[in-house]
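Which chain is which? The protein sequence lines are A and B, in order. So the first sequence is numbered by our numbering: it starts at 1 and just counts up by one. So the second sequence is numbered by our numbering: it starts at 1 and just counts up by one.
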Amino acid sequence: MKNFLKTLIPVDIYKGLKLTGTHFMKVFTTANRRKVKMHVTQEYPEVPVKLAPRFRGRLTMLKDEQGEIKCVCCLACEKICPTQVITIESGKKEGRKTKIPTRYDFEMERCIFCEFCVESCGFDSIILNHQFELAAYNREDFSIGMLGKDQNMFELTHVGKFSYSDED
Amino acid sequence: MNAAPVTMTLLQTCVMAVLQAICVVLFVFIIVPLTIYAERKVLGFAQDRLGATRIAGHRVGLTGWLNRGMWRMGKVPFLSYWRGLPMLVGDIAKLFLKEDIVPTKADRAIFLVAPALSLIASVVVFAAVSFYPGALFTFPKIVPIIGGLPFNGCITDMNVGLLFILGIASVGVYGIVLGAWASNSKYPLLGGLRSGAQIVSYEVPLTLSLLAPVVLTGTLNFNKMTLALATEMPLYAVPILFVSFFVYFTCGFAETNRMPFDMPEAENELVAGFHTEYSGMRFGFFYLAEYINMVVVTAIASAFFLGGPYLAPFGLHRYIMHVPFLGAPNGLWFVAKMILLLFTFIWVRGTIPRYRYDQVMAVAWKYLIPFTLILVLLAAMVRYAAPALPVA
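In structure tokens form, the structure reads like this:
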């Protein structure tokens, strides 16, 4: 009898329709507004993507407030790197107690973006930034260091210049 | 309501019929692509997506090349990006341009005729559907042949309109079954057989659920039925109409092969069902026929159960009869109700997954048919109890 009534009065269908109906109304009313977004998909090439805060992008070196490189060449990142993409040469600078890197090479073609280097760093001097459009035509574009304009460790590099977002 | 009958010559009748047919075909071929567009968007929104938003790539192809100029100017290229609406043009262009392949072993003549049969059966139904009782407007005397004649809300106001609709609508299954058989392939054949069994089964409760309004009104004339159902029903007939509306709408899903009952093209079992071997515009015919069938089902549901051109559904019209604008019959109400029901079609598709085949048949034979028989019995009792109801 209970089964019979359940077939006769479609409560389950009503519940399902209510669920999809509320989702439809939420997205329908907010789809074209800039501020509130209820939908989970993103219009990537035209609209820049919102990434999660812990997204692991390309390795970047940080500078402190005085513009000094934070890295002290403890080589922790170089040692822990599973694919050995980091090469550091240390040097001295006047007025600075700790060592300063004269070379910090990062070969991104082999990087697996595991973030071990950032975890191992005791001075918070490197992070993985949010740059993810990392395709390039030449192998040289992937070797990133401290020198040069196009491929340096401090800013977004030229590697992702074929990004859809900032073309033209 | 109906104006005094105007005597028309044969030529006048023909011109009038052609004009009205053109109007109806235009209406159908505007509302069907919009339904296809709405299907994409509504399904997307219901699943927290955006649906179709563009037709072109960013820089690929002709549209991409055009769009690149727009991006350079700092504007979103409206031509191909306007909320995915231009995708309709792309759809139609694709259907026309694609190669039309006929399998070598197919039964050629039947293979070619079947989609047309399916499409014609679904379009011809509109000959008897009335969008508005009486004349929409009268042509001025200056118009050469048809001056002074009224432009009616329906093409033909025939005495057995409902019978005509049901008869023609059931021809549509021939298109599916013949096309499936002529494909000479096992999946279409299975899909066609399923579809034959399913549509024939569901035609019984569909017709029986429409029999309750017929019994209540005592006529098969589309206009008279709409008028009587909207204005002259006693209050205790409302529950019957309410329930038979839901039964009719459920059967409508099965008749149009829509999602909870789309056995004929169960794509995870039968590739694409009856239209597996079809391509190009012939596939497009089947595709269009499905959507036109949806429009037909919604038109009949909104005419008989939701009051048609009268705003209040289920015969509740008398309570708003004297409200100035809302009380008067209006073709817009009819179309608005159709759009609402078309939305429901898509909404249900986004909600309910496909039933198993034996469940589909069990619902028809074990539940809906006895249920509708009881409804017809109740309707007969209402008619017996209410002598005020019109006699045809």
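Here a beta-carbon is modelled for each residue, glycine too, at the ideal position from N, C-alpha and C. Predicted, not measured: the structure shown is a model, and the values here were computed from it.
| Asked | Found |
| --- | --- |
| Rounded distance between the beta-carbons of residue 222 (chain B) and residue 161 (chain B), thought under 8 Å | 4 Å |
| Three-state class that DSSP yields for residue 61 (chain A) in the structure shown | strand |
| Between the CA atoms of residue 316 (chain B) and residue 385 (chain B) - distance to the nearest angstrom | 19 Å |
| Residues that DSSP places opposite residue 154 (chain B) in a beta bridge | B:130 |
| Proximity of residue 171 (chain A) and residue 56 (chain A) at Cβ, strictly below 8 Å | Here chain A has residues from 1 to 168 only, and residue 171 (chain A) is not among them. |
| Residue 205 (chain B) beta carbon less than 8 Å from that of residue 304 (chain B) | no |
| Under 9 Å by beta carbon: chain D residues contacting residue 43 (chain A) | Chain labels in this structure do not include chain D; the protein chains are A and B. |
| 8 Å Cβ cutoff met for residue 263 (chain B) and residue 318 (chain B) | no |
| Nearest to residue 216 (chain B) (by Cα), restricted to the options B:202, B:201, B:203, B:232 | B:232 |
| CB of residue 173 (chain B) within 8 Å of CB of residue 196 (chain B), strictly | yes |
| Partners in chain A for residue 120 (chain B), counting only beta-carbon separations shorter than 8 Å | Result: empty, since nearest Cβ-Cβ is about 34 Å, beyond 8 Å. |
| Spatially closest choice to residue 277 (chain B) from B:17, B:321, B:377, B:190, by CA coordinates | B:190 |
| Contact set for residue 257 (chain B): own chain, Cβ-Cβ below 7 Å, skip 5 residues either direction | 195, 264, 265, 290 |
| Closer than 8 Å to chain A by CB, residue 347 (chain B) | yes |
| Pair within 8 Å by beta-carbon distance, residue 176 (chain B) and residue 122 (chain B) | no |
| DSSP bridge partner residues for residue 135 (chain B) (one or two, in chain order) | B:152 |
| Straight-line Cα distance separating residue 60 (chain A) from residue 470 (chain B) | Within the shown structure, residues of chain B are numbered from 1 to 392, placing residue 470 (chain B) beyond reach of any answer. |
| CB-CB length for residue 79 (chain A) against residue 91 (chain A), believed under 8 Å | That pair is no contact at about 19 Å. |
| The stretch 350-369 of chain B: positions lying closer than 7 Å to chain A by Cβ | 350, 351, 352, 367 |
| Residue closest to residue 356 (chain B), alpha-carbon to alpha-carbon, out of B:198, B:134, B:207 | B:198 |
| Meets three-Cβ-pair contact criterion under 8 Å: the stretch 123-143 of chain B and the stretch 8-28 of chain B | yes |
| Supposed close pair residue 97 (chain B), residue 37 (chain B) - CB separation, criterion 8 Å | At roughly 20 Å, the Cβ-Cβ gap does not stay under 8 Å, so residue 97 (chain B) and residue 37 (chain B) are not in contact. |
| Under the three-state DSSP convention, the category residue 94 (chain A) falls into | coil |
| Any C-beta of chain B under 8 Å from that of residue 40 (chain A) | yes |
| Pairwise C-alpha distance: residue 68 (chain A) and residue 97 (chain A) | 12 Å |
| Within 9 Å of chain B by C-beta, residues of the stretch 132-152 of chain A in sequence order | none |
| CB contact flag (residue 349 (chain B), residue 100 (chain B), <8 Å) | no |
| Within 7 Å of chain B by C-beta, residues of the stretch 14-35 of chain A in sequence order | 16, 17, 20, 21, 23, 24, 27, 28, 31 |
| For residue 20 (chain B) and residue 352 (chain B), the rounded distance between their alpha carbons | 38 Å |
| Residue 145 (chain A) - DSSP class collapsed to helix/strand/coil | strand |
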